[in-house]
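Numbering (this note's numbering), first residue to last: 5 to 165.
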(Lines of atoms letter the chains of each structure in order from A and count residues from 1; the text may use other names and numbers.)
(Lines give C-alpha, C1' and ligand atoms only; values in the text may rest on other atoms or scores of the structure.)
Protein backbone atom coordinates (compact mmCIF):
# COMPACT_ATOMS: atom_id res chain seq x y z
CA UNK A 1 0.00 0.00 0.00
CA UNK A 2 1.34 3.42 -0.93
CA UNK A 3 1.25 5.61 2.15
CA UNK A 4 1.82 8.97 0.46
CA UNK A 5 -1.89 9.64 -0.10
CA UNK A 6 -2.57 8.90 3.57
CA UNK A 7 0.28 11.14 4.74
CA UNK A 8 -1.09 13.95 2.59
CA UNK A 9 -4.60 13.56 3.97
CA UNK A 10 -3.34 13.34 7.55
CA UNK A 11 -1.05 16.36 7.14
CA UNK A 12 -4.02 18.42 5.94
CA UNK A 13 -6.23 17.20 8.78
CA UNK A 14 -3.53 17.93 11.36
CA UNK A 15 -3.07 21.46 9.99
CA UNK A 16 -6.81 22.02 10.04
CA UNK A 17 -7.21 20.80 13.63
CA UNK A 18 -4.20 22.66 14.99
CA UNK A 19 -5.21 25.87 13.24
CA UNK A 20 -8.86 25.52 14.21
CA UNK A 21 -7.95 24.84 17.84
CA UNK A 22 -5.09 27.39 17.96
CA UNK A 23 -2.64 24.69 19.02
CA UNK A 24 0.86 26.10 19.29
CA UNK A 25 2.38 23.75 21.87
CA UNK A 26 4.32 20.61 20.98
CA UNK A 27 1.86 17.73 20.70
CA UNK A 28 4.10 14.77 19.86
CA UNK A 29 3.79 13.10 23.26
CA UNK A 30 0.04 13.73 23.34
CA UNK A 31 -0.27 11.99 19.99
CA UNK A 32 1.81 9.10 21.33
CA UNK A 33 -0.58 8.71 24.26
CA UNK A 34 -3.53 8.98 21.87
CA UNK A 35 -2.06 6.14 19.80
CA UNK A 36 -1.60 4.00 22.92
CA UNK A 37 -5.19 4.66 23.99
CA UNK A 38 -6.55 3.84 20.53
CA UNK A 39 -4.45 0.68 20.42
CA UNK A 40 -5.89 -0.35 23.78
CA UNK A 41 -9.41 0.40 22.58
CA UNK A 42 -8.80 -1.85 19.58
CA UNK A 43 -7.46 -4.62 21.82
CA UNK A 44 -10.50 -4.26 24.04
CA UNK A 45 -12.84 -4.62 21.05
CA UNK A 46 -11.06 -7.80 19.90
CA UNK A 47 -11.37 -9.26 23.41
CA UNK A 48 -8.37 -11.43 22.49
CA UNK A 49 -6.98 -11.28 26.02
CA UNK A 50 -10.26 -11.83 27.87
CA UNK A 51 -9.76 -15.48 28.74
CA UNK A 52 -12.40 -15.15 31.46
CA UNK A 53 -15.17 -14.26 29.02
CA UNK A 54 -17.07 -16.24 26.41
CA UNK A 55 -18.27 -13.13 24.57
CA UNK A 56 -16.69 -12.81 21.14
CA UNK A 57 -15.05 -9.83 19.47
CA UNK A 58 -16.91 -6.82 18.16
CA UNK A 59 -18.01 -6.84 14.53
CA UNK A 60 -15.46 -6.27 11.79
CA UNK A 61 -16.68 -2.72 11.09
CA UNK A 62 -16.08 -1.67 14.70
CA UNK A 63 -12.64 -3.30 14.73
CA UNK A 64 -11.69 -1.62 11.47
CA UNK A 65 -12.78 1.80 12.76
CA UNK A 66 -10.69 1.37 15.91
CA UNK A 67 -7.76 0.16 13.82
CA UNK A 68 -7.97 3.18 11.53
CA UNK A 69 -8.00 5.48 14.57
CA UNK A 70 -4.56 4.07 15.31
CA UNK A 71 -3.43 4.67 11.74
CA UNK A 72 -4.39 8.36 12.00
CA UNK A 73 -2.04 8.80 14.93
CA UNK A 74 0.74 6.71 13.39
CA UNK A 75 0.66 8.91 10.31
CA UNK A 76 0.55 12.03 12.43
CA UNK A 77 3.57 10.89 14.47
CA UNK A 78 5.51 10.21 11.29
CA UNK A 79 4.70 13.70 10.04
CA UNK A 80 5.84 15.17 13.37
CA UNK A 81 9.22 13.46 13.05
CA UNK A 82 9.69 14.02 9.31
CA UNK A 83 9.21 10.37 8.36
CA UNK A 84 6.35 11.11 5.97
CA UNK A 85 8.48 10.14 3.00
CA UNK A 86 7.76 6.49 3.83
CA UNK A 87 6.20 5.31 0.57
CA UNK A 88 5.15 1.75 1.19
CA UNK A 89 3.74 0.00 4.21
CA UNK A 90 6.64 -2.19 5.37
CA UNK A 91 6.08 -5.95 5.28
CA UNK A 92 4.23 -7.07 8.41
CA UNK A 93 5.81 -9.11 11.15
CA UNK A 94 5.32 -12.85 10.99
CA UNK A 95 1.95 -14.14 12.14
CA UNK A 96 1.59 -14.24 15.90
CA UNK A 97 -1.07 -14.54 18.53
CA UNK A 98 -3.16 -11.36 18.63
CA UNK A 99 -2.42 -10.75 22.30
CA UNK A 100 1.29 -10.95 21.58
CA UNK A 101 0.89 -8.52 18.68
CA UNK A 102 -0.85 -5.97 20.89
CA UNK A 103 1.92 -6.28 23.47
CA UNK A 104 4.51 -5.92 20.71
CA UNK A 105 2.71 -2.85 19.37
CA UNK A 106 2.72 -1.18 22.78
CA UNK A 107 6.44 -1.97 23.10
CA UNK A 108 7.07 -0.62 19.62
CA UNK A 109 5.28 2.64 20.42
CA UNK A 110 7.39 3.00 23.56
CA UNK A 111 10.60 2.34 21.65
CA UNK A 112 9.61 4.91 19.05
CA UNK A 113 9.08 7.52 21.77
CA UNK A 114 12.49 6.80 23.25
CA UNK A 115 14.30 6.64 19.93
CA UNK A 116 12.31 8.30 17.16
CA UNK A 117 14.24 6.92 14.21
CA UNK A 118 13.00 5.85 10.83
CA UNK A 119 13.90 2.26 11.75
CA UNK A 120 11.68 2.36 14.84
CA UNK A 121 8.93 3.99 12.77
CA UNK A 122 9.11 1.22 10.17
CA UNK A 123 9.01 -1.33 12.98
CA UNK A 124 5.83 0.28 14.26
CA UNK A 125 4.24 -0.06 10.81
CA UNK A 126 5.36 -3.69 10.56
CA UNK A 127 3.69 -4.48 13.87
CA UNK A 128 0.46 -2.74 12.89
CA UNK A 129 0.57 -4.55 9.56
CA UNK A 130 0.66 -7.83 11.43
CA UNK A 131 -2.34 -6.75 13.50
CA UNK A 132 -4.23 -5.92 10.30
CA UNK A 133 -3.37 -9.35 8.90
CA UNK A 134 -4.42 -11.09 12.12
CA UNK A 135 -7.74 -9.24 12.04
CA UNK A 136 -8.29 -10.13 8.38
CA UNK A 137 -8.09 -6.56 7.05
CA UNK A 138 -6.87 -5.98 3.52
CA UNK A 139 -4.93 -2.85 2.70
CA UNK A 140 -7.82 -1.73 0.49
CA UNK A 141 -10.22 -2.02 3.44
CA UNK A 142 -7.84 -0.02 5.63
CA UNK A 143 -7.46 2.67 2.96
CA UNK A 144 -11.21 3.00 2.43
CA UNK A 145 -11.89 3.08 6.17
CA UNK A 146 -9.17 5.68 6.64
CA UNK A 147 -10.69 7.94 3.97
CA UNK A 148 -14.13 7.62 5.56
CA UNK A 149 -12.83 8.32 9.07
CA UNK A 150 -10.80 11.27 7.80
CA UNK A 151 -14.01 12.82 6.47
CA UNK A 152 -15.73 12.10 9.78
CA UNK A 153 -12.90 13.80 11.66
CA UNK A 154 -13.31 16.97 9.56
CA UNK A 155 -17.05 16.97 10.25
CA UNK A 156 -16.44 16.53 13.95
CA UNK A 157 -14.11 19.51 13.99
CA UNK A 158 -16.67 21.63 12.17
CA UNK A 159 -19.34 20.61 14.68
CA UNK A 160 -17.21 21.54 17.70
CA UNK A 161 -16.11 18.02 18.71
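Every residue, glycine too, gets a C-beta built ideally from N, C-alpha and C. Quick caveat: nothing in here was measured; it's all calculated off a predicted structure.
task: Counting only the same chain and skipping the five closest in sequence on each side, list residues whose C-beta sits under 6 Å from that of residue 51.
output: Position 47 of the chain shown, counted from the first residue, corresponds to residue 51. Answer for residue 51: 61, listed in chain order.
- request: Please report the Cβ distance between residue 138 and residue 69, rounded to the nearest whole angstrom; I am assuming they are in contact, meaning their Cβ atoms lie under 8 Å.
  value: Within the chain shown, residue 138 is the residue found at index 134, counting from 1. Within the chain shown, residue 69 is the residue found at index 65, counting from 1. No, residue 138 and residue 69 are not in contact; Cβ-Cβ is about 17 Å, not under 8 Å.
field: Anticipated Cβ contact below 8 Å, residue 24 with residue 161, distance rounded
entry: Here the question's residue 24 lines up with position 20 in the chain shown. Here the question's residue 161 lines up with position 157 in the chain shown. About 6 Å; that satisfies the 8 Å criterion.
- prompt: Using the C-alpha atoms, what's the distance from residue 121 back to residue 85?
  reply: Position 81 of the chain shown, counted from the first residue, corresponds to residue 85. Position 117 of the chain shown, counted from the first residue, corresponds to residue 121. Each residue's Cα considered, the two are about 8 Å apart.
message: Taking the alpha helix (DSSP H) that residue 20 belongs to, which residues open and close that run?
response: To locate residue 20, count along the chain shown from 1; it is residue 16. Its alpha helix (DSSP H) spans residues 8-24.
Secondary structure of residue 92, DSSP reduced to three states: Residue 92 sits at position 88 when you count from the first residue of the chain shown. Strand at residue 92.
message: Let's test the definition: count the other Cβ atoms within 10 Å of the Cβ of residue 131 and tell me whether it reaches 16, buried, or not, exposed.
response: If you number the chain shown from 1, residue 131 lands on position 127. Buried, by the Cβ-count rule.
task: Using the Cα positions of residue 152 and residue 93, report the straight-line distance between them to the nearest angstrom.
output: Locating residue 152 in the chain shown gives position 148, counting from the first residue. Locating residue 93 in the chain shown gives position 89, counting from the first residue. Cα to Cα, residue 152 sits roughly 19 Å from residue 93.
- prompt: Counting Cβ pairs, one atom from each stretch, are 3 or more of them under 8 Å apart for the stretch 94-105 and the stretch 35-45?
  reply: no
- request: Give the secondary structure of residue 140 by DSSP, where H, G and I count as helix, E and B as strand, and everything else as coil.
  value: Position 136 of the chain shown, counted from the start, is the residue given in the question as residue 140. DSSP places residue 140 in coil when its eight states are reduced to three.
- prompt: For residue 57, which residues of its own chain have a beta-carbon under 8 Å away from its beta-carbon, when the five flanking residues on both sides are left out?
  reply: In the chain shown, residue 57 corresponds to position 53, counting from 1. So the qualifying residues of the chain are 51.
message: Taking the alpha carbon of residue 136 as the reference point, which residue from 14, 6, 67 and 42 has its own alpha carbon closest?
response: Stepping through the chain shown from its first residue, residue 136 is reached at position 132. The candidate whose alpha carbon is nearest that of residue 136 is 67.
Separation of residue 89 from residue 143, as counted between CA atoms: As a working mapping, residue 143 is identified with position 139 in the chain shown. As a working mapping, residue 89 is identified with position 85 in the chain shown. When rounded, the distance between both Cα atoms is 19 Å.
- request: Would you identify the three-state DSSP class for residue 41, choosing helix, strand or coil?
  value: Taking the chain shown and counting its residues from 1, one reaches residue 41 at position 37. Of the three classes helix, strand and coil, the one that applies to residue 41 here is helix, per DSSP.
Residues of its chain near residue 45, where Cβ-Cβ distance is below 8 Å and the 5 sequence neighbours each way are ignored: Start at 1 with the first residue of the chain shown, and residue 45 comes out as number 41. So the list reads 70 and 73, once near-sequence residues are dropped.
task: For my contact list, residue 10 and residue 79 are in at a C-beta cut-off of 8 Å; report their separation, rounded to the angstrom.
output: Taking the chain shown and counting its residues from 1, the one referred to as residue 10 is at position 6. Taking the chain shown and counting its residues from 1, the one referred to as residue 79 is at position 75. Correct: roughly 6 Å between the Cβ atoms.
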